[in-house]
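One structure below.
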Amino acid sequence: MRGMGAKRHEPGQHRHNPMKHRRKPPRGMYLQAEDLKAMVSGPAGQPEAILKNLDSELVAAKRNVRTEYFL
-13 MRGMGAKRHE PGQHRHNPMK HRRKPPRGMY LQAEDLKAMV SGPAGQPEAI LKNLDSELVA
47 AKRNVRTEYF L
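Numbering-wise (the numbering used here), the sequence shown opens with residue -13 and increments by one.
Shown next as structure tokens:
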């Protein structure tokens, strides 16, 4: 049984500054501020088009890996 002295750590709370504890992007993913600014400052619909294109490239690459793995 747990005493009153010890308190459980809740995952949503940070002991120190939460801005210092940001998660890293996945390995191989590089985000650059100027790329994000260019995407946001472009015409309406451009960010969605860029992300849709990148998503389709990702799906094609995964499909290619899957077919090569099962050969």
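By construction, the Cβ of each residue, glycine as well, lies at the ideal position given by its N, Cα and C atoms.
Straight-line spacing of the CA atoms in Arg52 and Asn39 works out to 20 Å.
When the Cα atoms are used, Asp21 and Glu34 turn out to be separated by approximately 14 Å. When DSSP states are grouped into helix, strand and coil, Ala19 belongs to the helix group. Straight through space, the alpha carbons of Met25 and Gln32 are spaced by roughly 7 Å.
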